[in-house]
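Novice:
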Amino acid sequence: MKDYDIYIFDFDGTLCDTTEGIFNSVIYSLECFGIKETDLEKLRFFVGPPLFESYQKLYSVSDDDAKWLIEKYRERYRVKAAEESQLYDGVAEMLRKLKAKGKKIAIASSKPQYFVDEISKHHGIYKYYDFVSAESFQNNHSSKEELINACLDYFGNPEKSTVLMTGDRFYDIDGANAVGIDSAGAVFGFGTIEELTNAGATHILNKPEDLIV
């Protein structure tokens, strides 16, 4: 693994396992809409991509219905987000070691920043972040490329070879490729090694500590 100056991370499925809160909140929103979902494998698609995209792709709902479902989702998630989440083993120590080495750390997440901040503070890792690029409640359509570019802008558009994007889905790898930076596919999250390799990940991470050189 090469040593980098700036480390950008996806959040869900990369730093934090938020599946319990996401699954339960999706199920709640669908029940409010009149759909009873019992296929947990199907719900895995909600971890990572924008909610708007997930609702539309999986349930073929209109734009207005997707927005309504997101509001119902957040109605529950606001209350349960932090308690129904847990860090992946080794994440806190990995972030601590990166900061101790003088590295810059940023988040590029399709999750609303309110939730990224709240969950991170709950688990004691918010203090390691230099910048968070995430969605607002009003905007949830940003691409991963746009979110990563916001991080690069914040750091003054550094030399691309000094930056690494780490994520667990092909969206993260595609975003890194689009902006011209290296990527690390976290196979301990929701993406498979096949998915991340096929997307063109520069590195494959079996555990968070693999980032420490």
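Heads up, the sequence shown is in the numbering used here, so the first residue is 50 and it goes up one at a time. By construction, the Cβ of each residue, glycine as well, lies at the ideal position given by its N, Cα and C atoms.
1) Within 8 Å, do at least three Cβ pairs link the segment 205-214 to the segment 178-189?
2) Is it buried or exposed for Met214, if we count other Cβ within 10 angstroms and need 16 for buried?
3) By the 10 Å Cβ neighbour count, where 16 or more other Cβ atoms means buried, how is Lys51 classified, buried or exposed?
4) Over what stretch of residues does the alpha helix (DSSP H) that includes Met143 continue unbroken?
5) Report the option in Leu245, Glu243, Leu89, Ser232 whose CA atom is closest to the CA atom of Lys53.
6) Among residues of its own chain, excluding the 5 on either side of Val140, which ones have a beta-carbon nearer than 6 Å to its beta-carbon?
7) Evaluate the contact criterion for the segment 105-113 versus the segment 219-236: three or more CB pairs, one atom per stretch, below 8 Å.
8) Tell me whether Val181 is buried or exposed, calling it buried when 16 or more other Cβ atoms sit within 10 Å of its Cβ.
9) By DSSP's criteria, Leu136 is part of a beta bridge. Which residues make up the other side?
10) Using DSSP's beta-bridge definition, name the partner residues of Lys153.
11) Where Leu196 and Val96 are concerned, what is the direct C-alpha to C-alpha distance, given to the nearest angstrom?
12) On the three-state DSSP scale, how would you describe Lys160?
13) Can you give the beta carbon distance from Ala183 to Lys146, rounded, assuming they're within the 8 Å contact cut?
14) Counting only the same chain and skipping the five closest in sequence on each side, list residues whose C-beta sits under 6 Å from that of Tyr175.
Specialist: Taking the coordinates as given:
1) Here the segment 178-189 does not lie against the segment 205-214, with fewer than 3 beta-carbon pairs under 8 Å apart.
2) buried
3) exposed
4) 140-149
5) Here the sequence assigns Tyr to residue 53, which means Lys is not the residue at that position. Out of Leu245, Glu243, Leu89, Ser232, Ser232 has the C-alpha closest to the C-alpha of Tyr53.
6) Leu64, Pro257
7) no
8) buried
9) Cys65
10) Ile55
11) Separation of Leu196 and Val96 (C-alpha to C-alpha, rounded to the nearest whole angstrom) is 17 Å.
12) strand
13) Actually they are not in contact, since the Cβ atoms of Ala183 and Lys146 sit about 24 Å apart, beyond 8 Å.
14) Ser169
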